[in-house]
Amino acid sequence: MEIMTMRFMKLGLALVTVWVVLDTAGFRCFAQRKKHVAIFNFDFNTADQGPIYYAYGDIRNLCRQVSDRLEANLVSLGSYNVVERRQVDRVLQEQDLGLAGRIDPDTAAKVGRILGVDALIIGSVTLLEFQGLPKNGYDPNWSPKRLQARIVLSFRLVDATTARLHVAQEVVGVSLPIGKEQVGKKPEVAERVIGGVWDALAGRFGSRIPIPINRPTQTATPTSEDFKRVINLAVEDATSRMAQQLEQAESKATNPARASEPIRTGVVGRVLRVKATAVFVSGVDRSQVKVGDRLFVRRFQVERDPETGREVRYSEKIGELEVTEIQEAVVVGTFSGAEPVRIGDTVTSK
141 MEIMTMRFMK LGLALVTVWV VLDTAGFRCF AQRKKHVAIF NFDFNTADQG
191 PIYYAYGDIR NLCRQVSDRL EANLVSLGSY NVVERRQVDR VLQEQDLGLA
241 GRIDPDTAAK VGRILGVDAL IIGSVTLLEF QGLPKNGYDP NWSPKRLQAR
291 IVLSFRLVDA TTARLHVAQE VVGVSLPIGK EQVGKKPEVA ERVIGGVWDA
341 LAGRFGSRIP IPINRPTQTA TPTSEDFKRV INLAVEDATS RMAQQLEQAE
391 SKATNPARAS EPIRTGVVGR VLRVKATAVF VSGVDRSQVK VGDRLFVRRF
441 QVERDPETGR EVRYSEKIGE LEVTEIQEAV VVGTFSGAEP VRIGDTVTSK
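The sequence shown runs 141 to 490 under this note's numbering.
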């Protein structure tokens with residue numbers, strides 16, 4: 141009898157041990173599972189809309205761009221599984237929310253449950269301002285390289301089950317002035333001479349001498365492309381910072397014991413300019429890098445599955461960047477990889 145009792149005790153201990161091991165493994169699996177998130181198009185909540193219409197034709201085009209760039213940055217970081225934007229738009233249309241404008245957390249949670257995601261990201265463009273504009277709207281000596289943009293984005297991470305706000309923050313993005321050799325470039329000597337000759341001829345013979353259509357002229361006011369260029373840079377800077385804050389929030393959520401500690405997030409930047417001997421990267425927090433660091437250069441890809449027809453979004457490593465210089469607004473480095481680096485490629489630390 142005593143022997144049978146011992147055997148049952150050993151069997152019970154073994155079962156308890158197995159249950160504890162399985163339960164611990166299941167907990168680790170749950171903790172390591174990436175959250176599925178959906179990104180809604182940002183709405184626009186600022187009065188200065190003139191340059192937006194001029195550059196994009198429709199404010200919604202800018203809002204879609206903000207959401208698209210945030211999606212690309214989150215995919216590059218790898219902290220979340222991001223639902224395809226087309227699925228989000230389809231559900232919004234089915235729920236008659238496609239043109240409803242601003243979406244509140246309760247409505248977002250309802251859409252999130254339909255999509256089967258854990259959380260949703262909603263937000264607004266709360267400020268868009270410009271510096272370096274020509275005085276009084278016109279300046280014959282004005283150059284596009286003076287133009288800069290500053291954008292402020294507010295965003296919220298909403299729980300799809302409870303509509304509770306996990307994150308409610310604001311980020312600021314700025315454009316960077318571009319090199320003199322890129323825009324606002326003075327005409328070559330030959331062009332200036334030819335232009336001077338045509339000026340003299342036109343002054344002497346009046347309108348009988350046709351002026352060439354491609355004659356060099358100075359830009360006295362910003363064009364739609366000038367506005368779009370600086371807005372795009374500011375959006376890229378802001379969404380990079382937003383992705384880092386969302387990654388930091390997720391890291392704290394999965395590591396509650398470290399909630400009070402500052403968490404070092406993965407470096408996220410965007411290739412701004414490529415030269416023969418250097419690559420310039422914007423959007424990187426200077427406190428997270430030092431000279432000599434080796435960062436990964438990744439390219440965001442979107443392909444279509446031939447069997448299901450669904451879009452597959454991923455990022456692939458194309459090379460590495462060794463940091464050689466850290467400036468106030470950019471990080472400079474040398475690139476090595478199997479493919480040439482391009483403007484717009486993502487730079488990460490993992």
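Virtual Cβ for every residue (Gly too), placed ideally from N, Cα, C.
- Residues Phe184, Gln189, Ile192, Tyr193 of the same chain have their beta carbon placed closer than 8 Å to that of Ile199, with the five preceding and five following residues left out of the count.
- Taken through DSSP and simplified to helix, strand or coil, Ala478 comes out as coil.
- The region 405-430 is shown to contain whole beta strand (DSSP E) runs of 3 or more residues at 408-414, 419-422, in chain order.
- Within its own chain, the residues whose Cβ lies closer than 6 Å to the Cβ of Val311, once the five positions on either side in sequence are excluded, are Leu293, Ala378, Arg381, Met382, listed in chain order.
- Proximity to Gly423 across Ala416, Arg253, Ile483, Val411 peaks at Val411, based on C-alpha coordinates.
- By the Cβ test, the region 206-214 is not in contact with the region 428-439, since fewer than three Cβ pairs between them sit closer than 8 Å.
- Your pair Val414 and Ile483 checks out as a contact, with CB atoms roughly 6 Å apart and the cut at 8 Å.
- Note on geometry: alpha-carbon atoms of Ala259 and Gln384 lie some 17 Å from one another.
- Nearest C-alpha to Ser476 among Ala416, Gly197, Asp425, Glu468: Ala416.
- Residues Val437, Arg439, Gly477, Glu479 of the same chain have their beta carbon placed closer than 6 Å to that of Ile458, with the five preceding and five following residues left out of the count.
- For Tyr193, the secondary structure class from DSSP, reduced to helix, strand or coil, is helix.
- If you look at Lys250, you'll find it isn't in any beta strand (DSSP E); it sits in the alpha helix (DSSP H) that goes 245-255.
- In the structure shown, Gln467 adopts coil according to DSSP, grouped into three states.
- Gly473 sits buried, since 16 or more C-beta atoms from the chains shown fall within 10 Å of its C-beta.
- The secondary-structure analysis by DSSP pairs Glu387 with nothing; it has no beta-bridge partner.
- For the options Leu273, Ser455, Ala289, the alpha carbon positioned closest to that of Trp282 is the one of Leu273.
- Per DSSP, the unbroken beta strand (DSSP E) holding Arg290 starts and ends at 288-299.
- Membership of Asn201 in the alpha helix (DSSP H) is indicated by the continuous run 199-217.
- Buried is the label assigned to Asn213, since at least 16 other Cβ atoms lie within 10 Å of its Cβ.
- Between the alpha carbons of Ile262 and Ala389 lies a distance of about 15 Å.
- Ranking Ile371, Lys174, Ile243 by CA distance to the CA of Asn201 puts Ile371 first.
- Assignment of Gln271 by DSSP, reduced to helix, strand and coil, places it in the strand class.
- With contacts defined by Cβ atoms closer than 8 Å, Lys368 and Tyr196 form a contacting pair.
- Less than 8 Å separates the beta-carbon of Val265 from that of Phe182.
- Nearest to Gln235 by alpha-carbon distance, out of Ile254, Ala308, Val222, Pro245, is Ile254.
- Apart from the 5 residues on each side of it in sequence, Glu269 sits with its Cβ closer than 6 Å to the Cβ of Arg290 in its chain, given in chain order.
- Burial state of Leu217 is buried, judged by a 10 Å Cβ sphere holding 16 or more other Cβ atoms.
- Between the C-alpha atoms of Gly313 and Val231 there is a straight-line separation of about 30 Å.
- Straight-line measurement puts the Cα of Gln288 at about 16 Å from the Cα of Asp279.
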